[in-house]
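Numbering-wise, the sequence shown is residues -21 to -1, 1 to 149 according to mature numbering (1 follows the signal peptide of the UniProt record, and there is no 0).
The structure under discussion appears below in the form of structure tokens.
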Amino acid sequence: MASKILFSFLLVQLLSSPSFSAPTTSTLFREYIGAEFNGVKFSNVPINPHIDVHFILSFAIDYTISDPSPTNGDFNIFWDTDNLTPSSVSTIKSTHNNVKVALSLGGDSVGNGYAYFNPSSVDSWVNNAVSSLTKIIKQYNLDECMGQLLTTMKKNGVVSFASIAPFAGE
């Protein structure tokens, strides 16, 4: 008798568990695009006019081969610029009013090397980052795009959100 009660209790708990509840309907689709340089274009992704679509250009990376530091706040574009151009951003946004295009800051490697974050001066890094990212954001007419950097860019009216790419073990 006790085992039947225990089984019934466990069954009720299992069935009322959040993992068995009905999924909610999302009205947002996000797609990281351009990181693999494989010829993907905005037009390759079907767009449902009834949901918001955010394309996130991947990646703008703080990396340069010049001294004194490869991470000096000078962000460069590391997405497929042959297919994901400022013109293609304008076209997809003007064709679909539910589409926004942003950029993702990050990426842990460039070519065969790794991009380690090691700025020599926080103030200099932030100033360089604001300058280089503002240039990219304005060039691509991006809709949205790390503490002090994001605060400064929001204050300057350049971005309203940022996406940070996580990596395993970090």
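By construction, the Cβ of each residue, glycine as well, lies at the ideal position given by its N, Cα and C atoms.
Check: Check whether the Cβ atoms of Leu7 and Leu82 lie closer than 8 Å to each other.; Outcome: no
Check: Going along the chain, which residues of its own chain have a beta-carbon closer than 8 Å to the beta-carbon of Asn135, five neighbours each way excluded?; Outcome: Val109 and Thr113
Check: Counting only the same chain and skipping the five closest in sequence on each side, list residues whose C-beta sits under 7 Å from that of Val24.; Outcome: Glu10
Check: Quick one: what does DSSP say Lys79 is sitting in, helix, strand or coil?; Outcome: strand
Check: Assuming Gly52 contacts Ser103 under a Cβ cut-off of 8 Å, what Cβ separation, rounded to an integer in Å, is found between them?; Outcome: 7 Å
Check: Just to check my reading of the structure: Val68 and Val32 have Cβ atoms closer than 8 Å, yes? What is that Cβ distance to the nearest angstrom?; Outcome: Actually they are not in contact, since the Cβ atoms of Val68 and Val32 sit about 13 Å apart, beyond 8 Å.
Check: Going by other Cβ atoms of all chains shown within 10 Å of its Cβ, with 16 needed for buried, is Ile71 buried or exposed?; Outcome: buried
Check: Going residue by residue through the segment 19 to 102, where are the continuous alpha helix (DSSP H) segments of at least 4 residues, counting only ones entirely within it?; Outcome: 65 to 74
Check: Under the assumption that Phe38 contacts Ile12 (Cβ atoms under 8 Å), give the Cβ distance between them as a whole number of angstroms.; Outcome: The Cβ separation is near 11 Å, so there is no contact.
Check: Please say whether Phe54 and Ser111 have beta carbons closer to each other than 8 Å?; Outcome: yes
Check: Using the C-alpha atoms, what's the distance from Val19 back to Leu84?; Outcome: 19 Å
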